[in-house]
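Presented below is the structure to which this report refers.
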Amino acid sequence: MSFLGALPARFRRERVLIVGCGDVGLRTAGALGAGRRARLLALTSSPERAPVLRAAGLVPLQGNLDDPRSLRRLAGVATRVLHLAPPPSQDMADWRIDPRTRALVQALAQRTPPLALAYGSTTGVYGDREGAWTSESQPAQPRTPRAARRVDAEDRVRWLGRALGVRSSVLRIPGIYANDREGGTPRERLQRGTPVLRAEDDVYTSHIHADDLARACALALWRGRAQRVVNVVDDSELRMGDYFDLAADLYGLPRPPRVARDTAQDQLPLVLLSFMSESRRLRNERMKRELGLRLRYPTVAEGLRA
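Mind the numbering: the sequence shown is residues 6 to 311 in our numbering, read in order.
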């Protein structure tokens, strides 16, 4: 994808900062040309990550989102920012806020702010929709502390946009998968024989291939509309149990056992049960129309076979 070819020459060397540069961040760097089209920077708190980042065409910047003082160097450093770092999951003074996003936004607000910021949130902010189709106009109704912190992060990102004219985009992301992503397939869970809910108790689940997500992140930095929320999901319409059945058939593994919801509480961890308590189907027309993303893997069947 080419984002910069039509711009005047003096603007072609954009500076893109990736915050939270893990698997998706590295894939996004590749979608952006690995440093050939724009100067790519990555915030990292781990010096040992520097060689990996440099190999991907990124310039490492030392800093820690849990230490706001270390973020001062980010002021004015980038023309566009991709924020993929999750909120902390423990040691929270207030479980409803994301101190990391607040610290990042405060740092970016100093000196010249970026032209655009894209934040990777979660579709979990919608809460339980009982299987209903859900668009970006649906209000957030978080049911877990994890989702509530994401809503706080979204609010801070939008504040930056309103206060300083930054074109802020919120990308709401479901389950990320890819065969070449660590933990990116249900293979290990299938091998453990972890149960899923029986059909009458099952919930709808949404997915996006890591490569398609990376391309959406790159596109949002240039094409995302101001203060806009976008669901970044594929075209699949699957219940969770059907997803695992599909994967089991592709891998040649036994399908997982089915259990009733009232007995699942005795067999499954609380984190997994929380995902099984929310059901929604997500519309992605805005992603296709506004970002112009053409999915390489429109369904999980195509993605898992890749």
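Cβ coordinates follow ideal geometry from the N, Cα and C atoms, glycine included.
The C-beta distance from Val234 to Ile213 rounds to 15 Å, too long to meet the 8 Å contact threshold. Take the alpha-carbon of Ala34 and the one of Asn236: they are about 21 Å apart. Note on geometry: alpha-carbon atoms of Pro118 and Ser94 lie some 28 Å from one another. Proximity to Gln196 across Gly62, Ala183, Asp250 peaks at Asp250, based on C-alpha coordinates.
The beta carbon of Ala90 sits closer than 7 Å to those of Val24, Gly25, Leu70, Arg105, all from its chain and outside the five residues before and after it, given in chain order.
Taking a C-beta distance under 9 Å as the contact criterion, Arg44 and Val64 qualify as a contact pair. Judged by their CB atoms, Tyr131 and Arg285 are nearer to each other than the 9 Å cut-off. Going by beta carbons, Arg301 and Arg220 fall inside the 9 Å limit. Within the same chain, Ala80, Gly81 come within 7 Å of Arg116 by CB-CB distance, once the 5 residues on both sides are set aside.
Contact holds between the segment 277-284 and the segment 190-210, because three or more Cβ pairs, one in each stretch, are under 8 Å apart. Taking a cut-off of 8 Å for Cβ pairs, the segment 120-138 and the segment 155-170 touch, as three or more such pairs fall below it.
In terms of CA proximity to Val305, Leu255 leads the group Leu275, Leu255, Asp271. In this structure, the CA atom of Arg299 is about 7 Å from the CA atom of Lys293.
Judged by DSSP secondary structure, Gly180 falls within the beta strand (DSSP E) whose first and last residues are 180-182. Per DSSP, the beta-bridge partners of Thr210 are Leu243. For Pro150, there is no enclosing beta strand (DSSP E); the residue is part of the alpha helix (DSSP H) that begins and ends at 150-169. For Thr268, the enclosing alpha helix (DSSP H) has its first and last residue at 266-269.
Under the three-state reduction of DSSP, Pro104 is assigned to helix. DSSP links Thr199 through a beta bridge to no other residue.
A residue is called buried once 16 or more other Cβ atoms fall within 10 Å of its Cβ, and Asp271, having fewer, is exposed. For Val238, the secondary structure class from DSSP, reduced to helix, strand or coil, is coil.
Rounded to whole angstroms, the gap between the alpha carbons of Pro259 and Val29 is 30 Å. Counting only the Cα atoms, Thr199 lies some 45 Å from Arg20. Burial state of Ala225 is buried, judged by a 10 Å Cβ sphere holding 16 or more other Cβ atoms. Beta-bridge pairing by DSSP links Tyr256 to no other residue. Around the CB of Ser50, fewer than 16 other CB atoms lie within 10 Å, so the residue is classed as exposed. Shortest Cα-Cα distance from Ala145 to any of Leu273, Gly170, Arg177, Leu109 involves Arg177.
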